[in-house]
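For what it's worth, the numbering used here labels the leading residue of the sequence shown as 586, then goes sequentially.
By construction, the Cβ of each residue, glycine as well, lies at the ideal position given by its N, Cα and C atoms.
Just so we're clear, the structure is a prediction, and the values are computed from it rather than from any experiment.
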Amino acid sequence: MDRRTLLGAGFCVGGLMLTEGAAAQAAFPSRALRIFVPFAAGGPTDIMARNVAQKLTDALGQPVVVENRPGGGAQIAVAALKQTPPDGHAFFIGDFGALAVNASLYKNHSYDPIKDFKPLTMLMSAPIMLLVRPDSPIKSMRDIVSMAKSGRPVTMASTGVGTGGHLALEMLKYMAGIDIVHVPYKGGVPALVDLMGGQVDAMFAVLPTALPQAQAGKVRFIATGAAKRVAAFPDVQTTAEAGFPDLIMEGWFAAVILAGTPDPVVRRLSAEIGRAMRDPVVTKRFVDFGFSVEPGTPEQLGALMKSEGERWGAVVRRSGATVD
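The following block contains the structure:
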């Protein structure tokens, strides 16, 4: 085959690919869209998904429905998503646990977040905060370390095994060479109740979980895992300032779609979801809750999922934490 024939064949293949890509984008969406959320209605992920759904309905001209499938460390929601065709009419919104942690945490995990999904966009994030009750003698992270090294048992709550708060305390234990008694709860409310009641000494939690209590003076922040101090709490030092530069940690939320979805559809959905999150009303709503709204490209989210999966996988393995 001569050079002209090869070039002609190349142009035909390229033209066919462009035509197929354009057709996929032109035909999308052809019916209602579904957003699978691995949490019950009423939480921040659900509220965010419903805001996105409303904006996408207007932008795409098709109904967008949120389906809550809680439980199983997001495996129930992902299983439901996998029953749909990879054509862009269904996608998943979850947190960094679902997209970076659970594959290492669960013994028989049913999905690979890197292989089974294409990234759409980052949505928002919130820093991990270290908090104590207002009358606690603990004033800093160093106080916790000193207390543990003195032989006095230190108890720390979390919102559950494998959550951001649990991983943060495991990192602190490892970095400081101390022992901390982990007390996992089923959610933020019971953990905060026991913290305020003095049943546990301290707690790592994402900022929105404890923001109302902090604003009411019912808990006190002593450190933030953010890279810089939180504007609303300028006197609270970062974990790096406290002597733990590798304990920079934020909880994050993102949207992904099934692998095999056509790239033109991925790009369109990514752009529309990002536009929805950047809407001034939506942005303000989540900033007031303590989140940072930061949509980005699929490539940025893909890199984040890979790096965070490696980072937290190492923490989980070191801690020995598992969920059946």
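- [ ] Could you tell me how far apart the beta carbons of F806 and M714 are, in whole angstroms, since I believe they sit closer than 8 Å?
- [x] 5 Å
TODO: Verify the CB distance criterion: does K692 have a CB-CB separation below 8 Å to chain D?
DONE: The displayed structure is made up of one protein chain only, and chain D is not part of it.
- [ ] May I ask you to report which of helix, strand or coil DSSP gives T740?
- [x] strand
Open item on the list: Do L708 and M862 count as a contact pair if the criterion is CB distance below 8 Å?
Closed with: yes
Task: Whether I763 touches V730 by CB criterion (8 Å) - done: yes
Open item on the list: According to DSSP, is M788 part of a helix, a strand, or is it coil?
Closed with: strand
Task: Pairwise C-alpha distance: G750 and F613 - done: 40 Å
TODO: Check whether the region 891-898 touches the region 806-815, taking contact to mean three or more Cβ pairs, one atom from each stretch, closer than 8 Å.
DONE: no
- [ ] Pick out whichever of A795, D680, A906 and P629 has its Cα sitting closest to the Cα of P775.
- [x] A795
Open item on the list: Quick check on the burial criterion: 16 or more other C-beta atoms within 10 angstroms. Buried or exposed for D533?
Closed with: Since the first residue of the chain shown is 586 and the last is 909, residue 533 is not available in this structure.
TODO: May I have a chain-ordered list of the beta strand (DSSP E) segments no shorter than 3 residues that lie completely inside the region 650-705?
DONE: 675-680
Task: I729 - DSSP class collapsed to helix/strand/coil - done: helix
TODO: Tell me whether R903 is buried or exposed, calling it buried when 16 or more other Cβ atoms sit within 10 Å of its Cβ.
DONE: exposed
TODO: Have a look at G682 and S725 and give me their C-alpha separation to the nearest angstrom.
DONE: 27 Å
Task: Test item: CB-CB of L752 and A840 under 8 Å - done: no
Open item on the list: DSSP three-state label for T809, please.
Closed with: strand
Open item on the list: Just to confirm, is the Cβ distance from G845 to P671 under 8 Å?
Closed with: yes
TODO: Tell me whether the beta-carbon of Y759 lies closer than 8 Å to the beta-carbon of A742.
DONE: no
TODO: With a threshold of 7 Å, establish whether the CB of R870 neighbours any heavy atom of the ligand NAP.
DONE: This structure lacks the ligand NAP, and indeed carries no ligand of any kind.
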